[in-house]
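One structure is given here, and the rest of the page talks about it.
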Amino acid sequence: MSLHICILETDILRPELIDQYKGYGWMFQQLFAKQPVPAEFKVYNVVEGHYPPEDEKFDAYLVTGSKADSFGTDPWIQTLKEYVLKLYERGDKLLGVCFGHQLLALVLGGKTERASQGWGVGTHEYRIEEQPEWMSPSLGDDLTLLVSHQDQVTELPHGARRIASSDFCPNAAYAIGDQVLCFQGHPEFISDYSQAILELRKHIFTEPVFQSGIDSLGRPHQGTAVAEWMMRFVQQGRDEKKKAEKKSAA
């Protein structure tokens, strides 16, 4: 039985990029199509005020990346924070990437802010701190993802455990129980998209940051494996819930 995933899209791409890359919801659908766990997706752009109907249930909710700050005061960000907090409080499973990773940390009691390290761009490598059962396929001790961020989670929420880290980004991935899983890096990015946004933003980077980012794009990245981890994380939770319900009904 396919997983039913809601993608809460938190950005609208720049006009120069829309024809080729559509939006983050579309990028995630392309990514998840490459992994073996069967799943169906519905995309709702929350910047435009779109949310799923109250009576539609999902196995998990994924909050995407955004050019906005998770600690911003835009009304749509405040609405999204209230929405995901309600989801968390009723026990729904939550996934977050970049902006989503930061916003969920903030909502659940952590701290997110502009990072003193500056911009992270291009391909970054992280140390894997623990390897739960859902982390299949195993990548050994290292994880490589494409990134684009100047904000970071500087304090994890209470009860969160660190899944991946680096000197540049100490809280690169975290989980809270079997309910929340978040990554700072972008598994849905491809190198061509990373290069496009680097070039569009070149004027805001120092030359060394820009050139280092461009030079790093030739390295392999492991977004497809992370997509499978995310779906296995959701699947494991659903399977355990069904076992518990079956046991209580016996």
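Mapping to UniProt numbering: the sequence shown position 229 is 229, numbers consecutive.
Heads up, the beta-carbon is just placed ideally off N, CA and C, and yes, glycines get one too.
- Within the region 147 to 235, the complete alpha helix (DSSP H) segments at least 4 residues long are 191 to 200, 207 to 216, listed from N- to C-terminus.
- For T64, the closest of S148, V209, Q211, F233 by C-alpha to C-alpha distance is S148.
- Taking each of D74, T154, H186 in turn and checking the Cα distance to A225, the smallest one comes out for H186.
- With a contact defined as Cβ atoms closer than 8 Å, C6 and K34 miss out at about 20 Å.
- By the neighbour-count criterion, in which a residue is buried when 16 or more other Cβ atoms sit within 10 angstroms of its Cβ, R232 is buried.
- In this structure, R114 is the residue among L3, V84, R114, L85 with its C-alpha nearest to the C-alpha of K67.
- The beta carbons of T10 and V47 sit closer together than 8 Å.
- By the C-beta criterion, the region 152 to 159 is judged to be in contact with the region 106 to 120, since at least 3 inter-stretch pairs fall below 8 Å.
- Taking a C-beta distance under 8 Å as the contact criterion, R162 and N171 qualify as a contact pair.
- Contact annotation: the region 127 to 139 does not touch the region 102 to 111, with fewer than three C-beta pairs closer than 8 Å.
- C-alpha of F28 to C-alpha of Q117: approximately 28 Å in a straight line.
- Cα atoms of Q102 and Q211: separation of roughly 26 Å, rounded to the nearest angstrom.
- Around the beta carbon of I77, a 10 Å sphere encloses 16 or more other beta carbons of the protein chains shown; the residue is thus reported as buried.
- Cβ contact annotation for D69 (same chain, cutoff 7 Å, sequence separation greater than five): D151, in chain order.
- Counting the other CB atoms within 10 Å of its CB gives T123 a total of 16 or more, which places it among the buried residues.
- About 7 Å separates the CB atoms of R14 and L200; that is less than 8 Å, so the two are in contact.
- DSSP places L95 inside the beta strand (DSSP E), whose first and last residues are 94 to 97.
- DSSP, read as helix, strand or coil, puts H124 in strand.
- Looking at the DSSP output, L143 bridges to Y126.
- Spatial neighbours of K81 in its own chain (CB-CB distance under 6 Å, excluding positions within 5 residues in sequence) are listed in chain order as V107.
- Per DSSP, V84 is one residue of the alpha helix (DSSP H) stretching across 75 to 89.
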